[in-house]
Every structure is written in structure tokens, then in C-alpha cells.
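Line by line, the protein sequences are chains A and B.
Taking the working numbering as reference, the numbering of the first sequence is continuous, increasing by one, and the terminal residue is 350.
Taking the working numbering as reference, the numbering of the second sequence is continuous, increasing by one, and the terminal residue is 700.
There are 2 protein chains.
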Amino acid sequence: MSDYTPGQLVCPIPISEYPKVLLAHGGGGTLMHQLIGKIFAPTFKSDLQQAEHDAATLPINGGRIAFTTDSFVVNPMIFPGGNIGSLAVHGTVNDLAMAGAKPLYLSAGFILEEGLDMETLWTVVQAMQSAAEEAGVQIVTGDTKVVDRGKGDGVFINTAGIGLIPDDVEISPKRIEPGDAVIVNGDLGRHGMAIIAAREGIGFETSIESDSASLHHLVSALLANGINVHCLRDLTRGGLVSATNELASASGHSIQINEASLPVREDVNAMCELLGFDPMSVANEGRFMAVVAPDDAEKAVEILRGLPHGEGAVAIGTVSEGGSLVTLKSRFGAARVLSMLSGEQLPRIC
Amino acid sequence: MSDYTPGQLVCPIPISEYPKVLLAHGGGGTLMHQLIGKIFAPTFKSDLQQAEHDAATLPINGGRIAFTTDSFVVNPMIFPGGNIGSLAVHGTVNDLAMAGAKPLYLSAGFILEEGLDMETLWTVVQAMQSAAEEAGVQIVTGDTKVVDRGKGDGVFINTAGIGLIPDDVEISPKRIEPGDAVIVNGDLGRHGMAIIAAREGIGFETSIESDSASLHHLVSALLANGINVHCLRDLTRGGLVSATNELASASGHSIQINEASLPVREDVNAMCELLGFDPMSVANEGRFMAVVAPDDAEKAVEILRGLPHGEGAVAIGTVSEGGSLVTLKSRFGAARVLSMLSGEQLPRIC
Numbered sequence: 001m002s003d004y005t006p007g008q009l010v011c012p013i014p015i016s017e018y019p020k021v022l023l024a025h026g027g028g029g030t031l032m033h034q035l036i037g038k039i040f041a042p043t044f045k046s047d048l049q050q051a052e053h054d055a056a057t058l059p060i061n062g063g064r065i066a067f068t069t070d071s072f073v074v075n076p077m078i079f080p081g082g083n084i085g086s087l088a089v090h091g092t093v094n095d096l097a098m099a100g101a102k103p104l105y106l107s108a109g110f111i112l113e114e115g116l117d118m119e120t121l122w123t124v125v126q127a128m129q130s131a132a133e134e135a136g137v138q139i140v141t142g143d144t145k146v147v148d149r150g151k152g153d154g155v156f157i158n159t160a161g162i163g164l165i166p167d168d169v170e171i172s173p174k175r176i177e178p179g180d181a182v183i184v185n186g187d188l189g190r191h192g193m194a195i196i197a198a199r200e201g202i203g204f205e206t207s208i209e210s211d212s213a214s215l216h217h218l219v220s221a222l223l224a225n226g227i228n229v230h231c232l233r234d235l236t237r238g239g240l241v242s243a244t245n246e247l248a249s250a251s252g253h254s255i256q257i258n259e260a261s262l263p264v265r266e267d268v269n270a271m272c273e274l275l276g277f278d279p280m281s282v283a284n285e286g287r288f289m290a291v292v293a294p295d296d297a298e299k300a301v302e303i304l305r306g307l308p309h310g311e312g313a314v315a316i317g318t319v320s321e322g323g324s325l326v327t328l329k330s331r332f333g334a335a336r337v338l339s340m341l342s343g344e345q346l347p348r349i350c
Numbered sequence: 351m352s353d354y355t356p357g358q359l360v361c362p363i364p365i366s367e368y369p370k371v372l373l374a375h376g377g378g379g380t381l382m383h384q385l386i387g388k389i390f391a392p393t394f395k396s397d398l399q400q401a402e403h404d405a406a407t408l409p410i411n412g413g414r415i416a417f418t419t420d421s422f423v424v425n426p427m428i429f430p431g432g433n434i435g436s437l438a439v440h441g442t443v444n445d446l447a448m449a450g451a452k453p454l455y456l457s458a459g460f461i462l463e464e465g466l467d468m469e470t471l472w473t474v475v476q477a478m479q480s481a482a483e484e485a486g487v488q489i490v491t492g493d494t495k496v497v498d499r500g501k502g503d504g505v506f507i508n509t510a511g512i513g514l515i516p517d518d519v520e521i522s523p524k525r526i527e528p529g530d531a532v533i534v535n536g537d538l539g540r541h542g543m544a545i546i547a548a549r550e551g552i553g554f555e556t557s558i559e560s561d562s563a564s565l566h567h568l569v570s571a572l573l574a575n576g577i578n579v580h581c582l583r584d585l586t587r588g589g590l591v592s593a594t595n596e597l598a599s600a601s602g603h604s605i606q607i608n609e610a611s612l613p614v615r616e617d618v619n620a621m622c623e624l625l626g627f628d629p630m631s632v633a634n635e636g637r638f639m640a641v642v643a644p645d646d647a648e649k650a651v652e653i654l655r656g657l658p659h660g661e662g663a664v665a666i667g668t669v670s671e672g673g674s675l676v677t678l679k680s681r682f683g684a685a686r687v688l689s690m691l692s693g694e695q696l697p698r699i700c
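Printed below as a string of C-alpha cells:
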């Protein structure tokens, strides 16, 4: 943000560098962070804007609410384990949960392409409501636009969400401390592989279903059981690599991941190897990392394992002082730096 | 909604009737109301959902907030009097204002098409921030997605908004009473004509600029001055005809409009006549109707006239008991029913 001057008329991303928006600008990697850091964040300057969170924390009526937005353009709209409707609920519920909030209300904004099958819209809308009911949130307001054929792609959905942050909850990268344990709630990479398999029509012996799910019940169980949760982040676009790098950068500390402890299903691993993907960079839609006080790590894993979507919880790494680096300690003892990719390996994953 | 059974698996809009989504389903007319009434509203059933309002009223921390969402797909993105960025702020600020709320916070969700000029994005983002500053709201959270070339159209923006409803404010179609005066804050039809002129490259002697503007200062001036405001509605998609029909239907009462008092600029009227549009059905983005107690009508008009975007305020009609009809009393004394169109005359107007 440092090269932005308020009120300047010249685009802070020079034409010579990126004259046009690329698919990678939406991919959760360094190019997206450049777009946010140079264009969005400095322009929409606000004391309440928190670049290090997916949700803003707002004072309302003497309390605090979390407010977040997400647009969904996943292709294909319907995939093993869900569709764009359920995903649109899960994604926004999870953004609220990652701020420590209890999700309450969602909005739903539809951009439909002329010629969309009415039955498909019906299927998507039904899935949204089922996901909302399961998550205990209400879809309270909406909007519909239709664009001409060839100017959209079936259904795009925006969900914005409001949640209530309990008074005693403080989830923030600023609370991350050396020694903290890093926990994930289950196996990695399934959402991305489910999408690409559905998109490209790749058939495997076992079918890979997306992990898409609402996760706020896991967060509230950790908090209710007195776990000292310092920070949370969902492992969406850019996967574990983007999420850990974001938190390392925002906290000023480093994160070490033990490769041997990383939970990746065999079929997901095989598909990743075949297609040249790294499961640590593949998007999930029902996975998050929790950074907790070291003494609470074991108990936190145990709590998660007793709950739906937490059965595969495991501690995968630790925080060390300073550096803002993410390193992977391989099965053979060697360590290498895990840098954020420039874009997502897969466009339109969510 | 009566023909919907919860949990049914069959799409409530029969394939034989509308197998595909049409442009008109997004046009603010009867087809959009059918889509909302048969698919969205009964599925997203919620006590808090208010079909008769563009914003939901939600209890938070002992007070009430208004929550609303709007997606913007206007074509062209940049038009005389604004662009998609300023429009996205004005539209959501106005939805909050129409619920009697003081607009506070906005989210911004971008769906960008691969290949979009980075400079265009910069222009749009700058306009959003200017509009937000002028309206006194903060853009506090955001999201960016990029879709492949040919699957979007430059920039689509979703803005969701949160506003605070003062304790003593109760704006609702239920409060509309026979005898009430209907007031608009200025001349009608400019936004729609500005868009079509820009889209089709029609040049007129005078250039028509969109009326796009934030209107909450007008609402708060009415309330602060003790005007008994029963109901408010912005005159967007479907224009005055859709807005009056919605309120007639929601209130159970009828609305009579005096054609002679309708404020339409001469150049707008000429363009409408040339192109076969009715200025009463053309979308505005800086116009609203206020339904106020009869004794307050004159004072309300006076207050509006003293404020920016209210200079052309005028009383255009009255409410009469029952019937849920909108009628137009022509200059020659004849009366005709003004029915909602099936769709907007102009697609992608906002």
C-alpha cells in the first residue's frame, strides 16, 4: 500500500505491469493480494477494515458484529458433494465463524444468465436453504439480476453475512504467539479435486466429494470448552499455503508445518500427483486452521474429533518467533519455504 | 406463494410455462415478482424476511438494523452521470434509507471478467469510494472473483449494506392510509434514458445525465422535521409504475396519480416518445416516493425542495381506501389503471 497516494488519479498497478485483469487476480495468491493491497484496500480506507480478516468487526448498539461478503462463480455449478447454492452458504458462514462470530443472517444476490434452466435455479435455491437451516442462519434479504446470454455463466451468487461476536472473544493474527500449535480439522484438497474432476469429466475409481461444509459449530465448541484460540483461518482459495502465509505475514511470526502430519486422502493425493497439483495449495471449503495456545492443542484436537467435519482433526505445525515465513519440514527432515503462488492453480473454484 | 408446499421437489414454476430464465425475470415487473414469490420467498422462509421491503429489519443487541443486498450489472459500466461503482453505492444506501435506516456500512463483492482493463477497474473503485464518502458510509469488507473471458461482462458489483433504524421510526406499507399524499423528489426517467442513450450511442441535443444519487439525507430531513412518513420506496427497476403497484398491493389500498403533476423533463419525454417508452415505467436511481400523512404533504415538499436531489419535489397523488389499484388521472380528466409490466422495458439498467 505504500506506493499509493490518496486522491491520485493514476492506477497504482501500472499498465506496463498488468494492463488487464487476469484469472490469477481472483486466485487467492500474490496477484490477488496485490490487487487488494494496491487498489481496494487503500481506496476503501476505513478504520474498521481489517485486511487480515475475511470479515469486518463493527460496533453496533453497544456490541460487536462481524460482516462479510463473498461472491461465488464456481464452475461447474453442481459438483460431487454440493452445488453453488450450498457453497455460497458455507463460505460466508465460515468467514463469520473465522472471526469468532455466531453466524445469524445472510443476504443472497443472484446474477442469472438468460436461458438458465429454471429447474437448475430451483435446485440451487433449495440447496441454499438446506445449508442455511443446517447452519442455523436465516436468509433474510435478496436481489435478482438477469444478464443477457453469453454475459454470465448460469448462476453467480453473492452472500453477505452478519454474525454476533461474543464480548469475550478476540480472534486475531495479532494474538498469534511463538510456540502456538497449528491445527486443521481434516483432510486437505478434496474440494479442489472434486471440482476439477467434475469440470474435466475425469473419472477415478473412488469418487472424490467436496468437503464443503459449515464450520461454526467447531469453532463454538472450541470456545465453549475454554480453548485459548488465538486465530482462525479457513483454507479456501490458495489452500493451506495461502492461509498460513497470510497469518505469518499478519502476525510477524513464522509457521512450521510437518509434512508427515498433513492429512491428505490417498485418492486426492493420487489425483494431485497425476495432474501436477500440490494438495497444500488446493482449495478446501470445509477446512480451517486454528492457532491455539500450546497447552490447549491436544484438548482442541480431541474436541474437534468428536464433532461432524472435525473427525480428521490433527495438529500439523507450530509457530516460531519472527520471520513471517512458512516452512515445510519434509518426511526426510529437510525444510523448505512454502511461498504463496501467484494465483490459484484452478480458476473458478468457488 | 400459495401453491408452494415446503419440501416439494418439483419446481413451482412449471417447465411448460417458463422452462428458462428470461431477461424479463430480472426486470422489476410481474415476472420478477413471480420468481421471488414462487421460488425465493417460500424457500428462504423467514419471519424476518419482508417481501414488501427492499431491506430486512433485524434485531441486534437490543436495537434494530436494516440489512440489504443488491447486485449491479449495468451496461454500459460507465454512463453520463455515473458508473457502476457509484451506482452500487447509491442503490444500496437508498435501499437502507427506504427502510428508515441511517446507512453505516457496505460490503463490496466484485466479479471481474478476465481481460478487463485495470484502469477501468481503478475508475470504478474510485467512484465507489467517492460515493461512499459523500453518503457518509464505509466500505468495510470485500471480495474479488475473476471469471474467464466471455463468462462475465467487465465488472459486476454486489453491495450489501447495514444501517441503524432509530427506535421511533416505523416505515412500512402497513402504515399507508387513505388520504395520504404521495410525493416524489424530482423528475422521472433520467437514469433509464441516460443508460439507453449511452448503450445505443444515441446523441441528443441536450445530454441526459443519470439521476443516480444517495437519498438518505432527504429521508432523515423529513424524519428530523417531524413529518409523519408512513412509507418510502425508491423508483428503480420498473420505475414509478412498479413502485406504486408494489405499495398498493402490500398496503391493500389504491393510489391515484395526477398525470399533470408528474415531473418529466422535456428532453426525457421526447426521447421516451421517440423510443416508445413510458417515463413512468423507466428506472430512476436517485428518485423515491414518500407516502406521508395528508397534513404534512406541503411541509414535506418544502423540506425536500431545500435539499440537494430534492429541488424538484412535488406531490403527485393520493391514497384511497382498498382495491390495491394504481390509477392515472390524465390531463383530460380520464382515469386509467397503471398495471405493472411483465419485465423492465430496458434490461441491465442497474
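Even glycine gets a Cβ: it sits at the ideal position worked out from N, Cα and C.
None of the values given here were measured: they were computed from a predicted structure.
Enumerate in chain order the residues of its own chain whose CB-to-CB distance from F506 (chain B) is below 7 Å, with the five nearest sequence positions on each side excluded. S421, F422, V423, I461
Counting only the same chain and skipping the five closest in sequence on each side, list residues whose C-beta sits under 6 Å from that of I607 (chain B). I666, G667, L678
Counted within 10 angstroms of its Cβ, other Cβ atoms place R583 (chain B) as buried (16 or more) or exposed: buried
With 8 Å set as the bound, which would you pick, yes or no: does the beta-carbon of R698 (chain B) sit closer than that to a beta-carbon of chain A? yes
CB of H230 (chain A) within 8 Å of CB of I176 (chain A), strictly: yes
Under the three-state DSSP convention, the category G412 (chain B) falls into: coil
Would you mind telling me which residues of chain A sit closer than 9 Å to P369 (chain B), beta carbon to beta carbon, in chain order? D117, M118, E119
Which residues bound the alpha helix (DSSP H) around T318 (chain A)? It is not in any alpha helix (DSSP H) - T318 (chain A) instead sits in the beta strand (DSSP E) that spans 314–320.
Using a Cβ-Cβ cut-off of less than 8 Å, list which residues of the stretch 230–251 of chain A approach chain B; keep chain order. none
What residues from chain B crowd round L87 (chain A), counting only those whose CB sits closer than 7 Å? Chain B residues near L87 (chain A): none, gap ~12 Å exceeds 7 Å.
Is DSSP giving A56 (chain A) helix, strand or coil here? strand
Is it buried or exposed, D54 (chain A), if we count other Cβ atoms within 10 angstroms and call 16 or more buried? buried
Which bits of chain B does G62 (chain A) rub up against, with CB to CB less than 8 Å? N411, G412
Strictly under 8 Å for the Cβ-Cβ distance: is G150 (chain A) near chain B by that measure? yes
Taking 8 Å as the cut-off, does the stretch 103–119 of chain A touch the stretch 145–155 of chain A (at least 3 CB pairs, one atom from each stretch)? yes
Say whether chain A places a C-beta atom closer than 8 Å to the C-beta of C361 (chain B). yes
N75 (chain A) in three-state terms, based on DSSP: coil
Could you say which of A:C350, A:R348, A:E344, A:F332 lies nearest to G27 (chain A) if we only look at CA atoms? A:E344
Mapping the DSSP letters down to three states, classify M280 (chain A) as helix, strand or coil. coil
Are the beta-carbon atoms of P613 (chain B) and D530 (chain B) separated by less than 8 Å? no
Between V282 (chain A) and chain B, is any beta-carbon pair separated by less than 8 Å? no
Please list the terminal residues of the continuous alpha helix (DSSP H) segment that includes D493 (chain B). Counting along the chain, D493 (chain B) falls outside any alpha helix (DSSP H), though it belongs to the beta strand (DSSP E) covering 488–497.
Please list the partners that K145 (chain A) has in chain B, where partner means a Cβ-to-Cβ separation under 7 Å. G376, S421, V423
G636 (chain B) versus E616 (chain B): straight-line alpha-carbon distance, rounded: 18 Å
Roughly how many angstroms separate the alpha carbons of L275 (chain A) and R199 (chain A), rounded to a whole number? 13 Å
Taking the alpha helix (DSSP H) that Q129 (chain A) belongs to, which residues open and close that run? 118–135
Buried or exposed (CB count within 10 angstroms, at least 16 for buried), I552 (chain B): exposed
Given L538 (chain B), which residues of its chain have a CB within under 8 Å of its CB, disregarding the five upstream and five downstream residues? L585, G589, L590, L612, P613, V614, V618, P629, M630, V632, N634, R637
Let's see if you can read the secondary structure: which residues bound the beta strand (DSSP E) around G186 (chain A)? Note, G186 (chain A): premise wrong, no beta strand (DSSP E); not H, not E.
Between the stretch 156–172 of chain A and the stretch 439–447 of chain B, do three or more beta carbon pairs fall short of 8 Å? no
Would you check if the stretch 387–395 of chain B and the stretch 472–486 of chain B touch, i.e. whether three or more CB-CB distances between them fall below 8 Å? no
Examine the ligand FAD and report whether any of its heavy atoms sits within less than 7 Å of the Cβ of A482 (chain B). Absent from the structure shown: the ligand FAD. Ligands present: none.
Would you kindly work out how many angstroms separate the C-alpha atoms of V314 (chain A) and T418 (chain B), rounded to a whole number? 39 Å
Helix, strand or coil at A290 (chain A) according to DSSP, with G and I counted as helix: strand
Residues that F277 (chain A) contacts on chain B, provided the C-beta gap is smaller than 9 Å: Correct list: empty, because the minimum Cβ distance to chain B is about 19 Å.
Identify the contact partners of A99 (chain A) in chain B, using a Cβ-Cβ distance below 7 Å as the criterion. Chain B residues near A99 (chain A): none, gap ~10 Å exceeds 7 Å.
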